[in-house]
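In what follows, a structure is listed as C-alpha cells, so that the remarks can point back to it.
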Amino acid sequence: MIEKRIPFMGITIDDLTLDEIVVNVFEMVDHRKPVQIVGVNVDQYLLVKRHEYSRKIFAEASLVFVDGKPIMYMSKLLGHPLKQRTTGPDLMENICKRGAERKYKIFLLGAGPGVAEKCGNVLMERYPGIQSVGSYSPPFGFQNDKKEIEKINFMLKESKADLLFVGMGSPKQDYFIYENMAKYQIPVSFSMGAALDFIAGNVKRAPRWMIECGLEWLYRVWQDPKRLWKRYFVHDMKIVPIFLRELLKTRKKI
Numbered sequence: 000m001i002e003k004r005i006p007f008m009g010i011t012i013d014d015l016t017l018d019e020i021v022v023n024v025f026e027m028v029d030h031r032k033p034v035q036i037v038g039v040n041v042d043q044y045l046l047v048k049r050h051e052y053s054r055k056i057f058a059e060a061s062l063v064f065v066d067g068k069p070i071m072y073m074s075k076l077l078g079h080p081l082k083q084r085t086t087g088p089d090l091m092e093n094i095c096k097r098g099a100e101r102k103y104k105i106f107l108l109g110a111g112p113g114v115a116e117k118c119g120n121v122l123m124e125r126y127p128g129i130q131s132v133g134s135y136s137p138p139f140g141f142q143n144d145k146k147e148i149e150k151i152n153f154m155l156k157e158s159k160a161d162l163l164f165v166g167m168g169s170p171k172q173d174y175f176i177y178e179n180m181a182k183y184q185i186p187v188s189f190s191m192g193a194a195l196d197f198i199a200g201n202v203k204r205a206p207r208w209m210i211e212c213g214l215e216w217l218y219r220v221w222q223d224p225k226r227l228w229k230r231y232f233v234h235d236m237k238i239v240p241i242f243l244r245e246l247l248k249t250r251k252k253i
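Heads up: the sequence shown begins at 0 in numbering that gives the first Met the number 0, then just goes up one per residue.
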C-alpha cells in the first residue's frame, strides 16, 4: 500500500509512480470498500486552497496523484521531489490494460452525450478483457436534482462495476463521488476530468513529447483558446505568489 505522502503547500500528495498507483488500485478493488482517487494539478490545487469542502475531499481521498508538471517542479524546489507525474488518460489506460487480465468491469460517467459510451468501446477494443458495463452523460444541473442523483446511483450500483471513471470537471466530479460512493458501492472511483474525451477521440491529445515536457496545457490552449486562455494565463498564475511565500519559508529554515 501507499508508503510515502509528500506535503505540498497545505495538502498531501502520494509519492507514487504510475505502476505503483496501479498496484494500489488493484488492492483497493480487492478490498471492495468504496474509495476515491483524485489527481492534483495547478487548477485543482487552487480549488482546494480556496474551498474548505474540496480540502476535506482531498484530505480524505485514498490516493492523491500528481497530474501536473508545475506541481512536480514546485515540490522539488520546496525540498520534496516527487517520483513521477501521471496524467488522467495515462492512468485510465494503464489500469484498463493491466486490469483486462482480471476481467475488470468499468463504468464511465460524464462528458458529452455519447462520449462515455465511445470511450468504453475504445477501451474494450484496445484491451480485450475489460468490460464496459455502463455509461451515462448526466444532464446539465443534475447535481441539484435529487431524482437524477438517485437514478445515477441506482444505475451505478446495478452495474456491479469494479471501477468508476467520472469526467465532469472539478469540483463537480469530486463532490459527486464523495457524496455518493457509499450509496453506489463501486470499489474505486476516479475523478478523471477530460480523460474520457481524450480516449474517445473527442478531443485530440498533445504529441507525446509535449506531454512529457509538461506542455500539454499549451496544446490545449491552442485547441480552445477562447475557453482556456484565462484559466492558464490568469487563474493558474495565482499559485505563483503562494509558491514564492512557501519557498521563502523553506529558505529561512535552512
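By construction, the Cβ of each residue, glycine as well, lies at the ideal position given by its N, Cα and C atoms.
Considering only residues of the same chain and omitting the five flanking positions on each side of residue i, which have a CB-CB separation below 7 Å?
i	result
Tyr177	Gln35, Ile56
Tyr218	Ala205, Met209
Arg226	none
Met191	Gly87, Met91, Phe164, Val165, Gly166
Lys117	Ala199
Alpha carbons only, please: which of the options is nearest the one belonging to residue i?
i	options	result
Pro80	Thr86, Leu90, Val65	Val65
Asn152	Arg244, Val22, Ala181, Phe197	Ala181
Ser61	Gly78, Lys248, Asp235, Met27	Met27
Phe255	Leu45, Gln184, Leu214, Arg31	Because the chain here runs from 0 to 253, residue 255 falls outside it and cannot be looked at.
Arg125	Glu147, Arg101, Lys96	Lys96
Met267	Met191, Lys171, Leu107	Here the chain covers residues 0 to 253 and nothing more, so residue 267 does not appear.
Gly119	Glu92, Phe139, Arg101	Glu92
Glu149	Phe139, Pro138, Met167, Asn179	Asn179
Val24	Asp223, Val121, Arg101	Arg101
Asp33	Gly192, Pro112, Leu247, Ala160	Going by the sequence as given, residue 33 is Pro instead of Asp. Answer by Cα proximity: Ala160.
Glu211	Asp235, Met167, Thr86, Trp221	Thr86
Asn258	Lys3, Leu77, Gly113	Nothing in the structure corresponds to residue 258, since the chain is present only between 0 and 253.
Asp42	Ile238, His30, Ala115, Arg207	Ile238
Lys48	Asp235, Thr249, Arg250	Asp235
Ile185	Arg244, Tyr103, Ala58, Leu15	Tyr103
Would you identify the three-state DSSP class for residue i, choosing helix, strand or coil?
i	result
Lys104	strand
Phe232	helix
Phe139	coil
Ser158	helix
Ile185	coil
Asp13	strand
Arg4	strand
Pro127	strand
Val202	coil
Gln35	strand
Ser61	coil
Gly192	coil
Gly257	Since the first residue shown for the chain is 0 and the last is 253, residue 257 is missing from the structure and cannot be characterised.
Gly119	helix
Lys98	One detail in the question is off: residue 98 reads as Gly in this sequence, not Lys. Of the three classes helix, strand and coil, the one that applies to Gly98 here is helix, per DSSP.
Gly133	strand
Gly87	helix
Taking C-beta to C-beta, are residue i and residue j nearer than 8 Å?
i	j	result
Ile94	Val21	yes
Leu269	Phe164	Residue coverage of the chain in this structure runs from 0 to 253, which leaves residue 269 outside it and unanswerable.
Ser136	Ala110	yes
Pro127	Ile198	no
Ser158	Gly133	yes
Lys156	Tyr174	no
Val63	Asp18	no
Ile5	Val39	no
Val187	Leu162	yes
Met71	Arg54	no
Leu246	Leu77	yes
With a threshold of 8 Å on Cβ separation, who are the neighbours of residue i within its own chain once the five nearest residues in sequence on each side are excluded?
i	result
Met123	Ile129, Gln130, Ser131
Tyr52	Pro170, Tyr174
Gln172	Gly109, Val165, Gly166, Ser190, Met191, Gly192
Who are the Cβ neighbours of residue i in its own chain at under 6 Å, not counting the five residues just before and after it?
i	result
Ser74	Phe7, Leu81
Arg31	Pro186
Touch test, the segment 139-148 against the segment 216-232, Cβ-Cβ under 8 Å, three pairs minimum: no
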